[in-house]
Ligand code: MSP
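Residue numbers (the numbering used here): 54 to 710.
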């Protein structure tokens, strides 16, 4: 029987659309799941949605709908995104499912039944500060306190609750961290957890009276479970805990989890509370909790509540899913915080994917097509044999080291070593100049040797990179004429030199077309802005194709256009087309980002009168806030902007009708 591997993402709050930050953990886990499958594991991969708690209740209230309606509306958005990102999870758990409620109640009953000496669960008075945005107990006193995660003031709560006797587990937890250092990773996070536990553990309130939206406490329906007890249990529910006395057959096979992958802000819940809950219920503990860092955007944690979010969908639509996956896993040192930047994303795409792997595949395959009628040539064993040594050694190095790095979740290092092999083949081709060898018939054998080496290296790279960039490696695989699917390859048993000479290659097509940076970033940004503000601005004339043939005068009246005067203008760093313009519109001076830098010099604009749409939704371009739009004609054929203006002098602030 194949060995099993069970991994989980956190289950995400279903109160809003997932952003790149939330997609990050899911993508990471998908790469791990694919890698483990390619190592021969029978993988269960669980993700899901956390649908109870005050933040869901409040979000629903704001929209004037019930919490149930809100989560039912949002959960499909998660499914769609995971589909777009080709996430191969095997289990999806919703905390509002009946199976889950049954599992949570089963766990608490089991705990009550097993607890000796008065029990690990008791009723008591709780008073403390609680952050409703992060569902975090901020302090156990009534003193005012701010949430350490979001910085907002925490609310005072006081009620009669069920408590979990966490204090009884301090020694057992410390023993766990001591005896199984791999339980919390990376090491520096374990040290934080150990210090926290050593400083003393207070009992934990695990039920709520004030909240309605939750799982009822068995036998005391006035209470619902506190979200973390509820949420953590979902890791077991999703695979069938609570189905009968022993749980389902799947639960029997897959529990305990091999890996709970989480973001660093929820480590305490996972590395302290969760093992204690399980110890109290006498259930096996997960093998590892791995806490990764945050994706930062505009210097802060990317998060909906801070408003600094970027979404995955625009990136996938513009550059493809593999571009996003590669960027996140290559640029961020896994475990540490990393900066998300569209500039870096596009730079990586062009250098590593378009010019790197994509170019290697296309030139190797095109030459095999051209010089060998599309048949894999032969690796020579005399004369120039040996010239491939640096490539073979880079490929062999990648074969042995990439899996080692992947085993440690050191994605950027694994990719670095794989792309090191890509660079080595590029150097080899540049030195050997197959296009020159092709001119001399006597060099045919050497030409074949060179192209075999390149194609074989390409095969190795394709298999090794597959967990991270699954779709494009499958395409390259087919272009190499190889049968089956890359995912069926045993990644930890790759051997150099297995490509079969004489086999026909497939049809070669560009995998990663090179893109123009500014234009690509602008496209991504525009789509992002639309997702951020669901009622998309309809007046920006950004999508003339969608404009109806006629609008009413009332429709037109919604657009408030006024005469403005430019006070100052400067270029937006890193964007060739954008100017940041300060415009006086009569009542105030507005900051507007305008795509006119290629035509208008900033200092020549000062004093000029322009037409401004003043009631356009504010949005950010390249991270710079734009509060309105300067109207310009888009002149064919290339859409060059020409500013609208007046022949007569018009006072600043006049309205256009
Ligand atoms: N529902 C809880 C988790 C319960 S698990 C039993 C929760 N949900 S969440 O929607 O806030 O998602 C948290 C997870 O999303 C983080 O732990 C992390 O994995 C991921 N991320 C959300 N924003 C992120 C970044 N900006 N950067 C990296 N990961 C981020 O907490």
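Note that CB positions come from ideal geometry on N, CA and C, so glycine has one too.
Computed from a prediction, not measured in an experiment: that's the story for all the values here.
Unbroken stretches of the beta strand (DSSP E), 3 residues or longer, contained in the region 546–593
None, since the region 546–593 contains no complete beta strand (DSSP E) of that length.
How should residue 525 be labelled, buried or exposed, when 16 other C-beta atoms within 10 angstroms of its C-beta is the threshold for buried?
Position 472 of the chain shown holds residue 525. Around the C-beta of residue 525, 16 or more other C-beta atoms lie within 10 Å, and the residue is accordingly described as buried.
Report buried or exposed for residue 360, applying the criterion of at least 16 other Cβ atoms within 10 angstroms of its Cβ.
Against the chain shown, residue 360 aligns to sequence position 307. Taking all protein chains in view, the Cβ of residue 360 is surrounded by fewer than 16 other Cβ atoms within 10 Å, so the residue is classified as exposed.
Under the rule that 16 or more other beta-carbon atoms within 10 Å means buried, what is residue 682, buried or exposed?
The sequence position of residue 682 within the chain shown is 629, counting from 1. Under the 10 Å beta carbon count, residue 682 is surrounded by 16 or more other beta carbons and is classified as buried.
Kindly indicate which three-state DSSP category residue 343 falls into: helix, strand or coil?
Working through the chain shown from its first residue, we reach residue 343 at position 290. Strand at residue 343.
Taking 7 Å as the cut-off, does the CB of residue 683 come closer than this to any heavy atom belonging to the ligand MSP?
Indexing the chain shown from 1 puts residue 683 at position 630. Incorrect: residue 683 has no Cβ contact closer than 7 Å to the ligand MSP.
Check whether the Cβ of residue 522 lies closer than 7 Å to any heavy atom of the ligand MSP, and answer yes or no.
Translated into the one-based positions of the chain shown, residue 522 becomes position 469. For residue 522, the shortest separation between its Cβ and any heavy atom of the ligand MSP does not lie below 7 Å.
So does residue 3 have its beta carbon nearer than 7 Å to some heavy atom of the ligand MSP?
Given a span of 54 to 710 for the chain in the structure shown, any question on residue 3 remains unanswerable.
Would you kindly work out how many angstroms separate the C-alpha atoms of residue 701 and residue 572, rounded to a whole number?
By one-based count along the chain shown, residue 701 stands at place 648. By one-based count along the chain shown, residue 572 stands at place 519. For residue 701 and residue 572, the distance between alpha carbons rounds to 36 Å.
Simplified DSSP state of residue 680, which is helix, strand or coil
Here residue 680 refers to the residue found at position 627 of the chain shown. The DSSP-derived three-state label of residue 680 is coil.
Between which two residues does the alpha helix (DSSP H) harbouring residue 109 extend?
Within the chain shown, numbered from 1, the residue matching residue 109 stands at position 56. Taken as a continuous stretch (DSSP letters only), the alpha helix (DSSP H) holding residue 109 covers 107–116.
Roughly how many angstroms lie between the CA atoms of residue 708 and residue 617, to the nearest whole one?
Along the chain shown, read from residue 1 onward, the residue named residue 708 stands at position 655. Along the chain shown, read from residue 1 onward, the residue named residue 617 stands at position 564. So the alpha carbons of these two residues sit roughly 10 Å apart.
Quick test of the definition: if touching needs 3 or more C-beta pairs under 8 Å, does the region 214–234 touch the region 329–343?
In short, these stretches touch, since the Cβ pair count reaches three.
Excluding the five sequence neighbours on either side, which residues of its own chain have a C-beta within less than 7 Å of the C-beta of residue 256, listed in chain order?
By 1-based counting over the chain shown, the position of residue 256 is 203. Taking C-beta separations shorter than 7 Å and ignoring five residues to either side along the sequence, the partners of residue 256 in its chain run 216, 217, 218, 219, 220, following chain order.
Please return the same chain residues whose Cβ sits closer than 7 Å to the Cβ of residue 260, not counting the five positions on each side in sequence.
For the purposes of this step, residue 260 is taken as residue 207 along the chain shown, with counting starting at 1. These residues qualify, in order along the chain: 214, 215, 270, 276, 277, 278, 279.
Would residue 293 and residue 301 be called neighbours here (beta carbons separated by less than 8 Å)?
Numbered from its first residue, the chain shown carries residue 293 at position 240. Numbered from its first residue, the chain shown carries residue 301 at position 248. In contact: residue 293 and residue 301 (Cβ atoms closer than 8 Å).
Pull the bridge partners of residue 314 from the DSSP assignment, please.
Here the question's residue 314 lines up with position 261 in the chain shown. Secondary-structure assignment with DSSP links residue 314 through a beta bridge to 343.
First through last residue of the beta strand (DSSP E) which encompasses residue 417:
Here residue 417 refers to the residue found at position 364 of the chain shown. Unbroken run through residue 417 is the alpha helix (DSSP H), 412–425; no beta strand (DSSP E).
Report the start-end ranges of each alpha helix (DSSP H) in the region 483–555 that is 4 residues or longer and not cut off at the edges.
Listed in chain order, the complete alpha helix (DSSP H) runs (minimum 4 residues) inside the region 483–555 are 487–490, 497–518, 523–532.
Mapping the DSSP letters down to three states, classify residue 607 as helix, strand or coil.
Stepping through the chain shown from its first residue, residue 607 is reached at position 554. Helix.
Taking residue 514 as the reference, which of 536, 497, 549, 494 has the closest Cα?
Here the question's residue 514 lines up with position 461 in the chain shown. The residue with the shortest Cα to Cα distance from residue 514 is 549.
Helix, strand or coil: which one does DSSP assign to residue 202?
As a working mapping, residue 202 is identified with position 149 in the chain shown. Residue 202: coil per DSSP, three-state reduction.
Every unbroken beta strand (DSSP E) inside the region 622–706 [3 residues or more]
The qualifying runs are 632–637, 642–647, 662–666, 672–674, 677–679, 685–688, 693–696.
Let me confirm a value: residue 229 is counted as buried when at least 16 other C-beta atoms fall within 10 Å, else exposed. Which label applies?
Working through the chain shown from its first residue, we reach residue 229 at position 176. Buried.
Looking at the ligand MSP, does it come within less than 7 Å of residue 318, judged from the CB to the closest heavy atom?
On the chain shown, residue 318 is found 265 positions in, with the first residue counted as 1. Yes, the Cβ of residue 318 comes within 7 Å of a heavy atom of the ligand MSP.
Could you check the C-alpha separation between residue 690 and residue 134 for me, to the nearest Å?
Looking up residue 690 in the chain shown gives position 637. Looking up residue 134 in the chain shown gives position 81. Distance between residue 690 and residue 134, taken at the CA atoms: about 36 Å.
In three-state DSSP terms, what is residue 437?
As a position in the chain shown, residue 437 is number 384, starting the count at 1. Assigned with DSSP and collapsed to three states, residue 437 falls in coil, not helix or strand.
Would you mind sorting residue 367 into buried or exposed? The rule is 16 or more other CB atoms within 10 Å of its CB.
Numbered from 1 along the chain shown, position 314 holds the residue referred to as residue 367. By the Cβ neighbour-count rule, residue 367 is buried, with 16 or more other Cβ atoms within 10 Å of its own.
Is it the case that the region 522–536 contacts the region 385–397, given that we only count it when at least three CB pairs across the two stretches are under 8 Å?
No, they do not touch.
Rounded to whole angstroms, how far is the Cβ of residue 63 from the Cβ of residue 319, which I believe are closer than 8 Å?
Numbered from 1 along the chain shown, position 10 holds the residue referred to as residue 63. Numbered from 1 along the chain shown, position 266 holds the residue referred to as residue 319. Approximately 6 Å separates the beta-carbon atoms of residue 63 and residue 319; this is inside 8 Å, confirming the contact.
Exposed or buried, what is residue 633 when buried is set at 16 or more other beta-carbons lying within 10 Å of its beta-carbon?
Along the chain shown, one-based indexing puts residue 633 at 580. Residue 633 counts as buried, since at least 16 other C-beta atoms from the protein chains shown sit within 10 angstroms of its C-beta.
With a threshold of 7 Å (Cβ to nearest heavy atom), would residue 324 be considered close to the ligand MSP?
The sequence position of residue 324 within the chain shown is 271, counting from 1. Residue 324: no, Cβ never under 7 Å from the ligand MSP.
Top-ranked residue by Cα proximity to residue 565, from 414, 557, 445, 427
As a first step, residue 565 is located in the chain shown; it is residue number 512 there, counting from the start. Ranking the options by Cα distance to residue 565, first place goes to 414.
Return yes when the Cβ of residue 348 is within less than 8 Å of the Cβ of residue 627, no when it is not.
On the chain shown, position 574 is the one that residue 627 refers to. On the chain shown, position 295 is the one that residue 348 refers to. Not closer than 8 Å, so no.
CB-CB under 7 Å to residue 448, same chain, minus the five flanking residues each way: which ones, in chain order?
Locating residue 448 in the chain shown gives position 395, where the first residue counts as 1. Cβ within range, chain order: 474, 510, 513, 549.
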